[in-house]
Structure formats: C-alpha cells, structure tokens
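Keeping their order, the protein sequence lines are chains A and B.
The opening residue of the first sequence carries number 1 in the working numbering; numbering runs sequentially from there.
The opening residue of the second sequence carries number 1 in the working numbering; numbering runs sequentially from there.
Quick notes on the structure that follows.
Number of protein chains: 2
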Amino acid sequence: MTQPIAVGVDIGGTLVRVGLFGSDGHLLSQNETSIASIEPERGLRIIEELIQKTIESITSSSLLGIGIGCTGPLDIVRGRINNPYTLEGWSNVPIVETLMETFHVPVRLENDADAAALGEYWQGAGREAKRLYAVTVGTGVGTALIIDGQIYRGVDDSHPEGGHHLIDPAGPECYCGYHGCWESLISGTAISSTARTIMNQKQLTALGGPDQINARVIAEAARAGHPAAITIMQKAARDFSLGILNIISLFVPDVIVLSGGVMKSADLFLPTLEKTLKTPNPMVPFHRVKILPARLGYYAGLYGGAYMILSETL
Amino acid sequence: MTQPIAVGVDIGGTLVRVGLFGSDGHLLSQNETSIASIEPERGLRIIEELIQKTIESITSSSLLGIGIGCTGPLDIVRGRINNPYTLEGWSNVPIVETLMETFHVPVRLENDADAAALGEYWQGAGREAKRLYAVTVGTGVGTALIIDGQIYRGVDDSHPEGGHHLIDPAGPECYCGYHGCWESLISGTAISSTARTIMNQKQLTALGGPDQINARVIAEAARAGHPAAITIMQKAARDFSLGILNIISLFVPDVIVLSGGVMKSADLFLPTLEKTLKTPNPMVPFHRVKILPARLGYYAGLYGGAYMILSETL
Numbered sequence: 001m002t003q004p005i006a007v008g009v010d011i012g013g014t015l016v017r018v019g020l021f022g023s024d025g026h027l028l029s030q031n032e033t034s035i036a037s038i039e040p041e042r043g044l045r046i047i048e049e050l051i052q053k054t055i056e057s058i059t060s061s062s063l064l065g066i067g068i069g070c071t072g073p074l075d076i077v078r079g080r081i082n083n084p085y086t087l088e089g090w091s092n093v094p095i096v097e098t099l100m101e102t103f104h105v106p107v108r109l110e111n112d113a114d115a116a117a118l119g120e121y122w123q124g125a126g127r128e129a130k131r132l133y134a135v136t137v138g139t140g141v142g143t144a145l146i147i148d149g150q151i152y153r154g155v156d157d158s159h160p161e162g163g164h165h166l167i168d169p170a171g172p173e174c175y176c177g178y179h180g181c182w183e184s185l186i187s188g189t190a191i192s193s194t195a196r197t198i199m200n201q202k203q204l205t206a207l208g209g210p211d212q213i214n215a216r217v218i219a220e221a222a223r224a225g226h227p228a229a230i231t232i233m234q235k236a237a238r239d240f241s242l243g244i245l246n247i248i249s250l251f252v253p254d255v256i257v258l259s260g261g262v263m264k265s266a267d268l269f270l271p272t273l274e275k276t277l278k279t280p281n282p283m284v285p286f287h288r289v290k291i292l293p294a295r296l297g298y299y300a301g302l303y304g305g306a307y308m309i310l311s312e313t314l
Numbered sequence: 001m002t003q004p005i006a007v008g009v010d011i012g013g014t015l016v017r018v019g020l021f022g023s024d025g026h027l028l029s030q031n032e033t034s035i036a037s038i039e040p041e042r043g044l045r046i047i048e049e050l051i052q053k054t055i056e057s058i059t060s061s062s063l064l065g066i067g068i069g070c071t072g073p074l075d076i077v078r079g080r081i082n083n084p085y086t087l088e089g090w091s092n093v094p095i096v097e098t099l100m101e102t103f104h105v106p107v108r109l110e111n112d113a114d115a116a117a118l119g120e121y122w123q124g125a126g127r128e129a130k131r132l133y134a135v136t137v138g139t140g141v142g143t144a145l146i147i148d149g150q151i152y153r154g155v156d157d158s159h160p161e162g163g164h165h166l167i168d169p170a171g172p173e174c175y176c177g178y179h180g181c182w183e184s185l186i187s188g189t190a191i192s193s194t195a196r197t198i199m200n201q202k203q204l205t206a207l208g209g210p211d212q213i214n215a216r217v218i219a220e221a222a223r224a225g226h227p228a229a230i231t232i233m234q235k236a237a238r239d240f241s242l243g244i245l246n247i248i249s250l251f252v253p254d255v256i257v258l259s260g261g262v263m264k265s266a267d268l269f270l271p272t273l274e275k276t277l278k279t280p281n282p283m284v285p286f287h288r289v290k291i292l293p294a295r296l297g298y299y300a301g302l303y304g305g306a307y308m309i310l311s312e313t314l
C-alpha cells in the first residue's frame with residue numbers, strides 16, 4: 001500500500017530545508033542545503049532536486065502536495081517570491097507554478113513566520129490552540145496569528161507585522177520608517193547595536209571586539225555579571241515584556257509561542273515578563289494566556305508547510 | 001402577512017435604547033429611557049417595558065429575537081451583566097434568561113463595543129468589510145474586531161482591550177495598572193486631565209473653570225487659537241495616530257471605523273494621522289486600509305443587536 005505523504009519546504013536567506021511527513025504528522029525524512037547568493041533560476045533547480053531526493057528516500061509513497069514557508073515579502077496570491085532583500089535577485093520568482101509543473105501536485109506558499117506558527121499549531125507548543133500568536137525574535141521580530149488553524153491575513157492577503165508595532169516613541173529609528181517599534185528595541189540587531197553604542201572600546205575588546213558582538217555574546221556577558229551587558233539585557237527584557245503585554249491586550253490569545261535566536265536567552269527575559277504581567281488589569285484575563293517556548297525549533301516551518309497540504313487534503 | 005422583526009437593545013451607564021428592525025436592516029421604531037442609578041431588578045423591568053412598548057408600535061410583526069449590546073464587563077457565556085462599575089449594583093444580573101422568559105425568543109448579549117462594531121459592519125461605515133476594526137474614543141477608548149461579520153474573541157470569550165495597549169511607557173498611569181496606554185493618552189478623560197495639569201488658573205478660568213473643562217471645550221479652544229489647547233490637542237493627535245499605526249501594523253484591517261465623543265473633533269486628529277501614515281513602511285500596505293467615521297452614531301449598538309439575531313435566523 002502506498003503511504004500518503006506531504007512535503008514541507010522552508011526557504012531562508014541562507015538555507016533551504018525540505019521535510020517529508022506522514023499524514024500522522026511524523027517527520028519521515030529531512031534534507032537541507034545552502035542557497036546563499038544563488039540566483040533564482042539555479043536556486044529553483046536546487047530546491048527541486050532537494051525535494052526529489054527527499055521524496056525518493058521513502059518508497060511506496062504518494063505525494064499529496066508541497067507547502068512552502070519562505071522569507072518575505074511574497075506575492076501569496078500569485079505564488080511568487082518577491083524578496084530581493086534577503087534573497088538577492090529573487091524578484092517575482094514563480095516558485096508555485098514551477099514546482100507544480102515539476103511535481104504535478106498542489107503547491108502552497110506562505111510567509112515563513114506564518115508557516116512556522118502553523119507548524120507549532122499542528123505538532124508543537126501551541127497544539128490546537130484556538131488562537132495562537134507566534135513571536136520570533138531573531139535578526140528581526142516576526143509575528144503570526146493562527147485562528148482555528150487558519151492564518152490570519154490582512155487586506156490583500158497581507159501579512160501583519162506585529163514586530164513593527166511601536167513600543168516607545170522615544171526609541172531608535174527603524175528601517176520600517178518609525179521610531180521605537182518592537183523590532184528596533186529587542187531584535188538581535190538592536191541588542192548588538194545598543195552594545196556598540198553604549199560600551200566603550202575596552203569593554204567591546206573584552207567581549208571579542210565590535211565585530212564579534214551579537215545578542216548571544218551580550219546575553220552570556222550579562223549572565224557572567226558584566227554591568228553594561230546587564231543594563232542592555234534588562235532594557236531589552238522590559239521592551240520585550242511591554243510588547244507581549246500589548247499582544248495580550250489586543251488579542252488575548254490562548255497561547256503565545258516564542259522562538260528565534262534571541263529567545264535562546266529566554267532566561268534573561270522571562271523574570272521581567274512575569275513581573276510585568278503581574279500587575280492586575282481587571283479587564284483582560286492575562287493569567288489565562290499561556291506563554292510557551294516553541295517546540296519544533298528549526299523544523300517549525302517544515303511542519304507548517306506539510307500542514308498546509310494535509311489540512312486541505314485529509 | 002406578519003413581518004419578521006428583530007429588537008436591538010443598547011444599555012449604557014445612563015441610558016437604555018431599544019430599536020426595532022425589519023429583516024432588511026431598516027430601523028422601524030426606537031425608544032429610550034434613563035436607567036441611571038436604578039437597581040437591577042427595577043432596571044430589568046424598565047427594559048422589558050421599553051421593549052414591549054417598542055414592539056407594540058408595529059402591528060402584524062413576528063419577533064425573531066433580541067440582541068443586546070451592554071457596557072461591560074459581562075459574562076457572555078452565561079448571559080449576565082457583571083458591571084457594578086458603571087451600572088451601580090449590577091453584579092451577576094441574568095438579563096438573557098430574564099428576557100427569554102418574558103418574550104420567548106432567542107436573546108443574545110455582547111459587549112457594547114462589539115455590538116456597535118457589528119452595527120457598522122451591517123449597515124454603517126464598514127459595510128461587509130472582511131476585517132473591520134472599530135475604535136471608540138470617548139470617556140475611555142474601546143476597540144472591537146469583526147472578521148467576516150463575526151466578533152473576534154479572546155480566551156474564555158474575553159473582549160480584547162486595544163484601548164489599553166501601551167503607546168508610550170513614559171505616559172501617565174492608567175487604572176488598567178500600566179503607564180501610557182492609548183486610553184490614558186487620548187480619551188476625553190485624559191485630555192481634560194492634561195488640561196487641568198498644564199493650564200494655569202487664569203487659562204482655566206477663561207475656559208469656564210476647571211469643572212467645565214472637557215475634550216470638546218479644549219478642542220474648541222484649539223480651533224480658536226488658544227496656544228495651550230493647541231499643544232494638548234497636537235499631543236493627543238500624535239498619540240491617536242501612533243495607536244492607529246499600531247492597529248494597522250498588527251491587523252491590516254480593510255476598514256478602521258472611528259466613533260465616540262472625542263472623534264467629533266476628528267478635524268483636529270486627521271491631519272496628523274495622515275502625516276503619520278505617509279511614512280513608507282515597505283512591509284504593510286497602509287494605503288489599502290480605509291479609515292472612516294462611524295455612520296450610525298448613537299444607534300450603532302441597536303443595529304448590532306438586531307444583526308446578532310438576523311444574521312443567525314435569516
């Protein structure tokens with residue numbers, strides 16, 4: 001008997017991952033390769049070959065479809081990647097059409113934050129939460145809202161950008177055009193940038209020099225008692241907490257799932273968050289909102305991709 | 001032939017309004033009376049009599065049900081008003097059960113902000129918008145999200161409080177427990193309070209004295225060129241605009257509907273809003289979000305109440 005399977009694809013700025021899933025949600029096989037600095041035509045071929053190789057690893061299977069999570073902006077409606085920002089040269093790339101022609105199955109394309117949130121909804125930390133809000137704090141801050149297993153979309157199927165909601169109008173300028181949005185205050189980029197601004201040359205050298213500074217280095221220094229690093233992380237923890245507070249006031253989700261590189265230092269953020277949420281707001285049931293670390297790590301987007309297919313076909 | 005009709009009820013802190021609607025959305029008849037400082041048992045009787053009187057004004061009609069919008073907190077699940085804050089003594093009042101027993105028809109109860117937003121969705125400014133976000137700026141700031149004609153609810157059917165999302169952590173303290181939430185910066189209460197703080201005795205006296213100060217008085221003074229009033233309204237317009245910016249980043253709704261007493265001075269807010277939204281954020285289609293004044297005024301909640309019934313039964 002042939003086994004029904006679905007493929008999840010996760011396309012980031014440097015890596016593409018492909019995962020093969022059984023209809024029960026088991027990851028059966030997984031492969032990845034670099035697509036950093038590769039132009040789209042060759043990139044698409046690499047992705048096709050990676051999918052082919054992954055499918056062939058399982059015998060007697062019947063492919064139901066391919067779901068893709070990709071770093072945006074995307075043209076979801078026409079199934080195109082339109083992201084020359086983190087995928088150099090990838091403007092208007094018809095990935096859905098291309099993969100449909102090659103594999104003769106349905107192909108779905110979604111923003112990577114939405115795909116990862118779908119994965120956490122299906123098999124991760126937010127399993128079947130009626131309202132799941134996902135927050136990824138890494139190089140930037142990405143958000144996604146899943147309601148009853150469906151991606152919430154804005155006008156024109158746009159992807160809302162909770163990471164660019166304003167927290168502090170006195171904050172730093174962001175490439176989004178405003179001052180003090182969440183991303184400008186708590187992203188890995190923001191934490192490194194603050195460190196390079198407020199630390200003196202001697203302090204920076206002690207941490208390996210300005211070029212070696214990143215959120216992980218600052219977090220480690222804070223844990224080791226470095227005063228400036230503690231100040232930086234405390235400020236980031238406060239602004240992180242204010243953003244979570246806003247998400248709760250605005251959405252009151254069942255679950256908030258936290259992921260991304262900066263959240264690997266969650267130990268430095270969560271005590272402040274707990275203190276922030278303790279203030280009694282009589283109108284919103286804060287205590288009923290679960291705040292959980294993501295469970296699927298780098299594979300969340302793959303799970304989400306497979307779920308796009310399986311939720312439609314089974 | 002009997003005409004199918006639905007009743008909408010709007011219960012505020014001082015007034016109760018009852019409206020009778022045909023299934024085509026026409027308001028056929030309307031009555032109102034005061035329930036200020038009236039205890040719940042007598043209050044319920046007054047509401048029943050008002051409904052009865054309104055129904056009797058139309059002959060040959062068949063009542064499909066009663067939909068209520070009420071100032072919260074409410075226990076939506078059990079159909080109870082639980083608002084001793086603005087309806088003194090109204091704790092745990094079983095309004096749904098009581099009206100069902102009296103009128104033998106389905107009765108629905110919703111938060112007043114949600115009911116008004118439903119009304120604007122059905123027959124007002126946000127007619128059939130896929131995603132409608134309503135913002136009421138009056139004594140406080142209330143918000144509601146309607147997706148495909150359905151009220152968005154949080155955990156435990158809670159009503160999110162967008163009016164208490166934080167805009168400026170350096171802002172004034174609010175009864176919600178935090179500093180610088182939207183309501184604490186732009187509500188009528190906030191505008192009056194700022195005026196009493198920054199204006200000197202002579203300025204206050206010129207405007208009628210501290211007790212006469214309200215948002216309307218300050219708005220009028222600003223229009224007349226009063227420098228302190230202009231400063232206050234400019235600050236409020238800025239904070240109003242930052243909140244709208246956040247709503248767009250987080251929800252990208254098709255329509256934002258503005259209502260409430262303070263929005264009667266929209267002429268003082270909209271130029272700043274327009275300037276704020278002009279900054280190009282490449283990730284969110286700001287220009288696709290319509291920002292419109294509410295169209296149904298004080299009757300929005302009545303329309304919403306009738307829609308709760310008609311959307312279910314027709």
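Heads up, the beta-carbon is just placed ideally off N, CA and C, and yes, glycines get one too.
Each of T14/A, E41/A, Q150/A and A224/A was checked against the Cα of L118/A, and the nearest Cα belongs to Q150/A. Relative to the Cα of L302/B, the nearest Cα in the group I5/B, Q3/B, G12/B and R17/B belongs to R17/B. Under the 8 Å criterion on CB atoms, S61/A is classed as non-interfacial with respect to chain B. Residue-level contact by beta carbon fails for F269/B and chain A, as no gap is shorter than 8 Å. Boundaries cannot be given for K264/A, as no beta strand (DSSP E) includes it and DSSP labels it neither H nor E. Counted as a single uninterrupted DSSP element, the beta strand (DSSP E) harbouring G19/B occupies residues L15 to G22.
Legend: CB atoms of the stretch 271-296 of chain B lying less than 7 Å from CB atoms of chain A belong to residues T279, P280, N281, M283, V284, P285, R288 and V289. Of all residues in the stretch 139-165 of chain B, only G154, V155, D156, S158, P160, E161, G162, H164 and H165 place a beta-carbon less than 7 Å from a beta-carbon of chain A. Taking all protein chains shown into account, H104/A has fewer than 16 neighbouring C-beta atoms within 10 Å of its C-beta and is therefore exposed. Buried is the label assigned to S249/A, since at least 16 other Cβ atoms lie within 10 Å of its Cβ. Taking C-beta atoms under 8 Å as the contact rule, G124/A and A300/A qualify, at a distance of about 6 Å. With respect to T272/B, R238/B sits close: the two C-beta atoms are nearer than 8 Å. Ranked by Cα distance from E56/A, the first of G177/A, R288/A, V289/A and L28/A is L28/A.
Annotation: the continuous beta strand (DSSP E) that includes N31/B extends over L27 to S34. Scanning P293/B, E97/B, P227/B and G188/B for the CA closest to the CA of N200/B turns up P227/B.
Of the candidates L292/A, I213/A and G209/A, L292/A places its Cα closest to the Cα of D254/A.
Linking S61/A to D24/B through their CA atoms gives a straight-line distance of about 54 Å. Contact with chain A is absent for C70/B, since none of that chain's Cβ atoms lies less than 8 Å from the residue's Cβ. By the C-beta criterion, the stretch 31-51 of chain A is judged to be in contact with the stretch 83-100 of chain A, since at least 3 inter-stretch pairs fall below 8 Å. Any Cβ of chain A closer than 8 Å to the Cβ of L242/B would place that residue at the interface, and such an atom is present. Note that the C-beta distance between A6/B and L74/B is not below 8 Å. In the structure shown, G163/A adopts helical secondary structure according to DSSP, grouped into three states. Put simply, the CB of A170/B is near chain A, with a gap under 8 Å to one of its CB atoms. At a cut-off of 8 Å between beta carbons, N246/B contacts chain A. Close to D254/A, with beta-carbon spacing below 7 Å, are these residues of chain B in chain order: V155.
Cα atoms of C176/B and T71/B: separation of roughly 17 Å, rounded to the nearest angstrom.
Cβ neighbours of N246/B within its own chain (closer than 8 Å, five residues either side excluded): H165 and I167. Chain-order list of chain B residues neighbouring R131/A: Y152, R153, G154 and V155, by C-beta distance under 9 Å.
Of the candidates E97/B, T194/B and L109/B, L109/B places its Cα closest to the Cα of S158/B. Counting of Cβ neighbours within 10 angstroms places P160/B among the buried residues, the total reaching 16 or more.
At least one CB of chain B lies nearer than 8 Å to the CB of P73/A. From the beta-carbon of Y178/A, the residues of chain B found nearer than 8 Å are L245, T279 and N281. Put simply, the backbone Cα of I58/A is about 16 Å away from that of A306/A. Within the stretch 54-117 of chain B, the complete beta strand (DSSP E) segments of 3 residues or longer fall at 61-70 and 107-111, listed in chain order. By the Cβ criterion, the stretch 259-277 of chain B is not in contact with the stretch 129-147 of chain A, since fewer than three pairs of Cβ atoms, one from each stretch, lie closer than 8 Å. Under the Cβ distance rule, L258/B does not count among the residues neighbouring chain A, no pair being separated by less than 8 Å.
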